[in-house]
Structures are given as C-alpha cells and as structure tokens.
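Following the numbering used here, the numbering of the sequence shown begins with 526 at its first residue and continues without gaps. Here the structure comes first, spelled out in structure tokens, and everything after it is commentary.
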Amino acid sequence: MPAWYWKFLVTLAKKALSLMIRLNCDDEFFDIMKEFISSKTHELKLLEENKDASNVESQPAITNPFVTKHRGRPPKRYKSSLEHVTNTQNNKHSSITNNNGTQEKNRNKCANCGNYGHNVRTCTYED
Ligand SMILES: [Zn+2]
Numbered sequence: 526m527p528a529w530y531w532k533f534l535v536t537l538a539k540k541a542l543s544l545m546i547r548l549n550c551d552d553e554f555f556d557i558m559k560e561f562i563s564s565k566t567h568e569l570k571l572l573e574e575n576k577d578a579s580n581v582e583s584q585p586a587i588t589n590p591f592v593t594k595h596r597g598r599p600p601k602r603y604k605s606s607l608e609h610v611t612n613t614q615n616n617k618h619s620s621i622t623n624n625n626g627t628q629e630k631n632r633n634k635c636a637n638c639g640n641y642g643h644n645v646r647t648c649t650y651e652d
C-alpha cells in the first residue's frame with residue numbers, strides 16, 4: 526500500500542471520527558463500524574474458503590454483462606396488454622371524452638379507473 530493512500534485513509538478515518546465527536550453520535554458510528562467489520566469478516570472468510578476450492582467457479586460472475594438492452598422505456602408489450610384490458614373496461618368513458626382518437630394516446634390513461642390525466646400510481650379512485 527502506497528504511503529499517500531495510507532495517509533488518505535487516515536484522514537478519512539479522522540474526518541469520520543471528528544464528525545462522530547461533533548455530532549455526539551458515537552453509538553451510530555459504532556453500529557456502522559460493527560456492521561462493516563462483521564460483514565467484511567464474513568466476506569473475507571468466504572473469499573478464503575473459495576480460494577481453497579477451484580477458481581473456476583468465480584469466473585462466470587466476472588463475465589456477466591451489466592449492460593441492459595432495454596433502457597428508459599419499459600417494453601411495449603406490457604403497456605399494450607394493459608391498455609387492451611382498460612379499453613374493454615372503459616369503453617363508455619373513453620367514447621365520451623375522446624372522440625378525436627389522436628389525442629387520447631398522448632394523455633395518461635389510468636389503468637385503475639380508466640380516467641385520463643393521471644395513471645394507476647397516482648390514482649385516487651376507490652370503489
Ligand atoms: Zn385513476
């Protein structure tokens with residue numbers, strides 16, 4: 526370990542300790558440290574146990590890709606099936622409020638009550 530890194534760690538620890546003293550939250554600090562130490566001790570134990578076994582087992586985890594193909598928008602299949610269900614449920618309502626079909630796709634349609642302008646998460650409708 527390089528000396529500068531050790532110094533950095535020490536200043537970090539000092540900072541944490543001085544915050545602990547200033548805020549008088551040593552209980553909290555000890556809890557965090559205890560949790561950290563016990564979890565890391567456990568991790569170390571597992572690591573050493575794995576060392577005794579073959580290294581082959583730990584390799585697939587490294588090649589596991591983190592990049593997901595579906596970014597941002599959720600898959601459309603789910604949405605369309607949801608819309609299909611609500612369309613049959615609320616035909617009366619949608620025909621009254623939306624005769625010009627083009628706008629209705631741009632507005633939020635609630636899957637719970639079928640009203641527009643909000644979605645199922647923000648719905649306040651109860652029956
Ligand atoms: Zn609603």
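Even for Gly, the Cβ is constructed at its ideal location relative to N, Cα and C.
Element boundaries [alpha helix (DSSP H), containing residue 567]:
551 to 577 is the extent of the alpha helix (DSSP H) around residue 567.
Given a threshold of 16 other Cβ atoms within 10 Å of its Cβ, counted over all protein chains shown, does residue 550 qualify as buried or as exposed?
Burial check for residue 550: the Cβ neighbour count within 10 Å stays below 16, so the residue is exposed.
So which residues touch the region around ligand 1, with touch meaning a C-beta under 6 Å from any heavy atom?
Taking each Cβ in turn, the ones that pass are 635, 637, 638, 640, 643, 648, 650.
Under 8 Å, do residue 709 and residue 638 count as touching if we go by C-beta distance?
The requested residue 709 is not part of the displayed model; the chain covers only 526 to 652.
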